[in-house]
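Be aware that the sequence shown starts at 137, since it is given in the numbering used here, and climbs by one per residue.
Working notes, structure below.
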Amino acid sequence: MVRAIVAFVACLCGCGFEHGQVIDAGRPEDTKGSDAGDGSVGLVCPESYAVTLPGSTSKYRPIVSNDNFWMHDDACNKDAPGDTHLAVIDSTAELAALTTVLEGSVTQPTNSWYLVGCVQAPGQSTPTAMWNWFSGATVPINTNIWGIYNSAQQPNDGDGIEDDVENLCILQSSQGKLLDGTGRNALGYGAVCECDGIATDPTVRARIPAM
Ligand SMILES: [Ca+2]
Ligand SMILES: [Ca+2]
Ligand SMILES: [Ca+2]
137 MVRAIVAFVA CLCGCGFEHG QVIDAGRPED TKGSDAGDGS VGLVCPESYA VTLPGSTSKY
197 RPIVSNDNFW MHDDACNKDA PGDTHLAVID STAELAALTT VLEGSVTQPT NSWYLVGCVQ
257 APGQSTPTAM WNWFSGATVP INTNIWGIYN SAQQPNDGDG IEDDVENLCI LQSSQGKLLD
317 GTGRNALGYG AVCECDGIAT DPTVRARIPA M
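Pasting the structure below:
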């Protein structure tokens, strides 16, 4: 655990998704006058958001019980409307630290799959096109972030051909990386809610497939 924290702190100095930069393109303007620009000033999170990560002002609520995307998304949004949502992972540091916490749980959802807050715009020509976090930030496409499922590099829309089958994001904690999925797996998924005081981008949320 101590080793994990040291590694995390070291990583904070230079672990953006690409070239040491945190990717936040398109993030909505902070509406709470926070000096930090992250919505955290004056932010009060529900007590159920008990997980904190070093170097982050966010609080998190991992959910290990299985359900579909729509139920988890709704639950996160309702915890503190406008301040909470499915987790938006802004950097490889946040991805690594969150993975460590999730892997520390004795109880795991199906396949250690946790829904997080990103979606692909429908009608794309390739599985890798137009992925955004609910904040509006672009989800970079590279193997530091996206994992492997059934020997296939993700995102793959299930079969490598994009036809809007898999447009939602799952963090598989056992590999610490994202998979694209349907959100409808019969056995369900866990989820991670984040409280950061930052509203989600309605344009991105409008892409969420109908249940
Ligand atoms: Ca975040
Ligand atoms: Ca897709
Ligand atoms: Ca997939």
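Every residue, glycine too, gets a C-beta built ideally from N, C-alpha and C.
Pro-198 - partner residues in DSSP beta bridges:
Position 62 of the sequence shown, counted from the first residue, corresponds to residue 198. Pro-198 is bridged to Val-328.
Would you kindly report the start and end of the unbroken alpha helix (DSSP H) that includes Asn-213?
By 1-based counting over the sequence shown, the position of residue 213 is 77. Per DSSP, Asn-213 is one residue of the alpha helix (DSSP H) stretching across 205-215.
The alpha helix (DSSP H) enclosing Leu-234, as first and last residue numbers
Walking along the sequence shown from the start, residue 234 turns up at place 98. Taken as a continuous stretch (DSSP letters only), the alpha helix (DSSP H) holding Leu-234 covers 228-239.
Pair every Cβ in the stretch 312-328 with every Cβ in the stretch 281-292, then say whether three or more of these pairs are closer than 8 Å.
Yes, since at least three Cβ pairs between the stretch 312-328 and the stretch 281-292 fall closer than 8 Å, the two stretches touch.
Within the present structure, is the beta-carbon of Val-224 separated from the nearest heavy atom of ligand 1 by less than 7 Å?
Numbered from 1 along the sequence shown, position 88 holds the residue referred to as residue 224. With a cutoff of 7 Å, Val-224 counts as near ligand 1, since its C-beta is closer than that to a heavy atom of the ligand.
Inter-residue spacing [alpha-carbon to alpha-carbon] between Leu-304 and Val-255:
Locating residue 304 in the sequence shown gives position 168, where the first residue counts as 1. Locating residue 255 in the sequence shown gives position 119, where the first residue counts as 1. Each residue's Cα considered, the two are about 5 Å apart.
Just mark Thr-262 as buried or exposed, buried being the case when its beta carbon has 16 or more other beta carbons within 10 Å.
What you label residue 262 is simply residue 126 of the sequence shown in a count that begins at 1. Burial is judged here by how many other beta carbons sit within 10 angstroms of a residue's own beta carbon; Thr-262 has fewer than 16 and is exposed.
DSSP three-state label for Val-255, please.
The residue you call residue 255 lines up with position 119 of the sequence shown. DSSP places Val-255 in the strand class (E or B) of the three-state scheme.
In angstroms, rounded to a whole number, what distance separates the CA positions of Leu-234 and Val-200?
For the purposes of this step, residue 234 is taken as the residue at position 98 of the sequence shown. For the purposes of this step, residue 200 is taken as the residue at position 64 of the sequence shown. Distance between the alpha carbons of Leu-234 and Val-200: 14 Å.
With a CB to CB cut of under 8 Å and the five nearest residues on each side skipped, what residues in its chain are close to Val-237?
The residue labelled residue 237 in the question sits at position 101 within the sequence shown. Taking Val-237 as the centre and dropping the five residues before and after it, the same chain places the C-beta of Val-187, Leu-189, Tyr-196, Pro-198 closer than 8 Å to its C-beta, in chain order.
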